[in-house]
Amino acid sequence: MRADVIPISVLTGFLGSGKTTILRHLLRQSEFSRTAIIINEFGEVGLDHELLEASEDSFIELKTGCLCCKIRTDLAQTVQDMLQRRDEGNCSPFDRIVIETSGLADPAPILQTLMTDTSIAGHVVLGGVVTTVDSVTGATTLEREDISQKQVALADRIVLTKLDLNGPAQPVLLRRLTELNAGAPVLSADRGKIDSQCLFGAGFYGPHVSSPDINSWLADDRHSHTRHDADIQTYTVVRKEPIGAVTLTLFLETLAEHCGADLLRLKGIVNVAESPNRPAVIHGVQHVFHAPAWLKRWPSDDRSSRIVFITRRVPQRWVEALLEAIGVEVADVSARR
Amino acid sequence: MSEVAVDLACELLVQSLAAWRVGGGVARSRDGAIIICGACKDIRIDPAPSDPMFRWMVAIDGRKRAAISIVGVLRQVRDALDPGYAANRVRVTLTPLVPY
Numbered sequence: 003m004r005a006d007v008i009p010i011s012v013l014t015g016f017l018g019s020g021k022t023t024i025l026r027h028l029l030r031q032s033e034f035s036r037t038a039i040i041i042n043e044f045g046e047v048g049l050d051h052e053l054l055e056a057s058e059d060s061f062i063e064l065k066t067g068c069l070c071c072k073i074r075t076d077l078a079q080t081v082q083d084m085l086q087r088r089d090e091g092n093c094s095p096f097d098r099i100v101i102e103t104s105g106l107a108d109p110a111p112i113l114q115t116l117m118t119d120t121s122i123a124g125h126v127v128l129g130g131v132v133t134t135v136d137s138v139t140g141a142t143t144l145e146r147e148d149i150s151q152k153q154v155a156l157a158d159r160i161v162l163t164k165l166d167l168n169g170p171a172q173p174v175l176l177r178r179l180t181e182l183n184a185g186a187p188v189l190s191a192d193r194g195k196i197d198s199q200c201l202f203g204a205g206f207y208g209p210h211v212s213s214p215d216i217n218s219w220l221a222d223d224r225h226s227h228t229r230h231d232a233d234i235q236t237y238t239v240v241r242k243e244p245i246g247a248v249t250l251t252l253f254l255e256t257l258a259e260h261c262g263a264d265l266l267r268l269k270g271i272v273n274v275a276e277s278p279n280r281p282a283v284i285h286g287v288q289h290v291f292h293a294p295a296w297l298k299r300w301p302s303d304d305r306s307s308r309i310v311f312i313t314r315r316v317p318q319r320w321v322e323a324l325l326e327a328i329g330v331e332v333a334d335v336s337a338r339r
Numbered sequence: 593m594s595e596v597a598v599d600l601a602c603e604l605l606v607q608s609l610a611a612w613r614v615g616g617g618v619a620r621s622r623d624g625a626i627i628i629c630g631a632c633k634d635i636r637i638d639p640a641p642s643d644p645m646f647r648w649m650v651a652i653d654g655r656k657r658a659a660i661s662i663v664g665v666l667r668q669v670r671d672a673l674d675p676g677y678a679a680n681r682v683r684v685t686l687t688p689l690v691p692y
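Protein sequence lines, in the order shown, are assigned to chains S and W. Here our numbering is used: the first residue of the first sequence is 3, the next is one more, and so on. Here our numbering is used: the first residue of the second sequence is 593, the next is one more, and so on.
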């Protein structure tokens with residue numbers, strides 16, 4: 003990652019789940035300085051920004067409307083404007099951006115915008131996705147609100163809030179979170195207090211890119227591949243043998259073509275046959291795939307490819323059969339030449 | 593074409609019908625073709641003869657079309673069987689396939 007490319011992280015969670023409370027505490031931490039915040043509220047008049055006391059090194063931008071639909075196109079423009087103002091010295095300097103979504107936002111279109119908009123490509127990369135869950139009402143909300151399920155399913159980190167009101171999280175809630183997203187670590191915030199590094203070190207493209215904790219980013223859990231509820235499934239496809247570059251490309255293209263919006267998220271580290279010493283990190287949201295990032299070296303002795311899927315009704319066996327069929331066909335064609 | 597490739601194509605089609613929630617079954621014929629039967633259309637997939645341009649020949653209700661790869665076969669079969677299918681065929685290549 004170039005030094006002037008900064009990560010954008012997304013803080014999401016259902017209405018009233020404690021996003022702004024967490025942000026308020028984060029803004030008081032010195033480690034969180036030099037952070038620009040974009041707050042997205044649903045409604046004519048935004049209030050959340052009034053609840054925040056930012057340090058001089060933070061910069062807050064407010065957008066009303068829902069980022070994932072009404073003003074989605076404004077997001078890239080907002081980021082572009084912020085970067086320009088920073089570069090011209092017209093606002094506090096920052097080297098990280100956090101977007102607090104509205105409680106009703108679907109994070110997927112926001113991630114897509116960040117990954118694909120040409121006006122900000124090359125200046126920002128996607129950091130982690132953090133989702134807050136109210137420990138008091140979370141189980142009911144997840145039962146009733148589809149958007150809440152999606153917010154959890156797409157998370158790199160899940161933060162339980164309001165534990166001070168209800169004691170330890172109820173097993174039914176923890177079980178539900180595991181069903182929806184077995185890979186994401188579940189953290190707790192004590193009245194909104196939580197270490198910023200625990201949250202926004204989550205993305206592969208974060209500040210620690212030189213020594214990425216790739217296993218943490220992948221939340222690798224290969225010994226329990228399939229956890230599922232009726233709709234959303236999380237599983238990991240593991241391959242010991244290297245995967246050819248052409249096979250990987252065809253595989254990702256076919257996933258995008260056939261799964262579309264049902265491929266909620268894909269992230270992985272891949273041993274590409276043509277690049278044995280530099281693994282590729284792949285990342286996709288729905289039918290949009292980020293350009294692969296090439297690590298300088300393997301982060302551990304484990305050189306297997308691990309691809310985490312979060313899908314809506316895309317069977318693991320189909321994904322595995324697709325990868326196998328493409329791999330053998332490419333090898334077949336290569337052998338004939 | 594290797595027998596393994598045909599077997600894996602057959603397995604992929606079995607899994608695909610299940611994933612797309614369309615009826616029908618997949619079987620191998622005695623002459624080596626893959627047959628999809630019991631669906632809304634009759635489909636026969638043959639490994640193409642030694643024509644280097646195509647690897648598969650797909651016949652849907654008797655109409656034959658070539659496919660350059662198993663990915664092309666999958667697209668044709670789904671197009672025929674899944675009325676709700678709207679493929680996203682945009683391809684954007686931003687970086688080289690390998691880091692050199």
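Glycine is no exception: its CB is placed at the ideal position from the N, C-alpha and C atoms.
> For S/Arg98, is the classification buried or exposed, using 16 other Cβ atoms within 10 angstroms of its Cβ as the cut-off for buried?
Replying inline: buried
> Can you find at least 3 beta carbon pairs, one from the region 246-265 of chain S and one from the region 276-291 of chain S, that sit closer than 8 angstroms?
Replying inline: yes
> By how many angstroms is the C-alpha of S/Gly124 removed from the C-alpha of S/Val7?
Replying inline: Cα to Cα, S/Val7 sits roughly 7 angstroms from S/Gly124.
> Are the C-beta of S/Ala2 and some C-beta of chain W separated by less than 8 angstroms?
Replying inline: The structure shown does not extend to residue 2 of chain S, since chain S spans only 3 to 339, so no value can be given for it.
> So S/Trp320 and W/Ser608 are in contact, right, with Cβ under 8 angstroms, and what is the actual spacing, rounded?
Replying inline: 6 angstroms
> Using a beta-carbon distance cut-off of less than 7 angstroms, what residues from the region 606-639 of chain W approach chain S?
Replying inline: Gln607, Ser608, Ala610 and Ala611
>> Can you give me the C-alpha to C-alpha distance between S/Thr133 and W/Ala640, rounded to a whole angstrom?
In response: 50 angstroms
> So, does the CB of S/Asp334 fall closer than 8 angstroms to a CB anywhere in chain W?
Replying inline: Taking CB atoms only, S/Asp334 has a neighbour in chain W less than 8 angstroms away.
> Assuming S/Gly169 contacts S/Pro9 under a Cβ cut-off of 8 angstroms, what Cβ separation, rounded to an integer in Å, is found between them?
Replying inline: Not confirmed; about 35 angstroms, so no contact.
> If S/Thr14 and S/Pro109 are in contact, beta carbons under 8 angstroms, what's the gap, nearest whole angstrom?
Replying inline: 5 angstroms
> Taking the continuous alpha helix (DSSP H) assigned at S/Lys269, which residues delimit it?
Replying inline: It is not in any alpha helix (DSSP H) - S/Lys269 instead sits in the beta strand (DSSP E) that spans Leu265 to Val272.
> In angstroms, rounded to a whole number, what distance separates the CA positions of S/Pro187 and S/Asp158?
Replying inline: 7 angstroms
> Would the beta-carbon of S/Val12 fall within 8 angstroms of that of S/Val131?
Replying inline: yes
> Quick one: what's got a C-beta closer than 7 angstroms to W/Ala611's C-beta in the same chain, skipping five residues either side?
Replying inline: none
> Terminal residues of the continuous alpha helix (DSSP H) containing S/Leu128?
Replying inline: Not the alpha helix (DSSP H): S/Leu128 falls in the beta strand (DSSP E), residues Val126 to Asp136.
> If we ignore side chains and look at the alpha-carbon of each, how far apart do S/Leu54 and W/Val663 end up?
Replying inline: At S/Leu54, the pLDDT of 49 sits below 50, so the modelled position is not reliable; the number obtained from the coordinates is stated separately. Cα to Cα, S/Leu54 sits roughly 51 angstroms from W/Val663.
> DSSP on S/Leu13, reduced to helix/strand/coil?
Replying inline: In the three-state DSSP reduction, S/Leu13 falls in the strand class (E or B).
> Of all the CB atoms in chain S, is at least one closer than 8 angstroms to the CB of W/Arg657?
Replying inline: Among the residues facing chain S, W/Arg657 is not included, as its CB has no counterpart in that chain under 8 angstroms away.
> Would S/Ser35 be called buried (16 or more neighbouring beta carbons within 10 Å of its own) or exposed?
Replying inline: buried
> Roughly how many whole angstroms lie between the Cα atoms of S/Gln151 and S/Gly185?
Replying inline: 14 angstroms
> Comparing the C-beta of W/Ala601 with each C-beta of chain S, is any distance below 8 angstroms?
Replying inline: yes
> Should S/Asp233 be listed as close to the ligand NAP, given that the test is whether its C-beta is under 7 angstroms from any heavy atom?
Replying inline: The model on display carries no ligand, and the ligand NAP is accordingly not part of it.
>> Run through the DSSP bridge pairs and tell me what S/Thr23 is partnered with.
In response: According to DSSP, S/Thr23 bridges with nothing at all.
>> In this structure, how does DSSP classify S/His292 when only helix, strand and coil are distinguished?
In response: coil
> From S/Asp192, S/Arg177, S/Ser198 and S/Val239, pick the residue whose C-alpha is nearest to that of S/Lys269; which is it?
Replying inline: S/Val239
> In terms of alpha-carbon separation, which member of S/Pro301, S/Leu257, S/Ile112 and S/Gly20 lies closest to S/Ile101?
Replying inline: S/Ile112
> Within 8 angstroms (strictly less), CB to CB, does W/Leu673 reach chain S?
Replying inline: no
>> Below 8 angstroms, how does it come out for the region 242-252 of chain S and the region 324-335 of chain S: are there three or more Cβ pairs, yes or no?
In response: yes
> Going along chain W, which residues have a C-beta under 7 angstroms from S/Glu243?
Replying inline: The contacting residues do not exist; S/Glu243 stays about 14 angstroms from chain W at best.
> Skipping 5 residues on each side, what residues in its chain have a beta carbon closer than 6 angstroms to that of W/Ala601?
Replying inline: Only Ile662 meet the Cβ criterion.
> Between the region 285-306 of chain S and chain W, which residues of the former have a C-beta closer than 7 angstroms to a C-beta of the latter?
Replying inline: His289, Ala293, Pro294 and Trp296
> W/Val614 and W/Asp674: beta carbons closer than 8 angstroms?
Replying inline: yes
> With respect to the beta strand (DSSP E) encompassing S/Lys152, which residues constitute its N-terminal and C-terminal limits?
Replying inline: Unbroken run through S/Lys152 is the alpha helix (DSSP H), Asp148 to Ala155; no beta strand (DSSP E).
> Starting from W/Ile662 and walking both ways along the alpha helix (DSSP H), at which residues does that stretch end?
Replying inline: Ile662 to Leu673
> W/Met645 touches chain S at which residues, Cβ-Cβ below 7 angstroms?
Replying inline: Neighbours of W/Met645 on chain S: none; closest Cβ ~12 angstroms, over 7 angstroms.
>> Here's the rule I'm using: 16 or more other beta-carbon atoms within 10 Å means buried, otherwise exposed. How should S/Asn273 be labelled?
In response: buried
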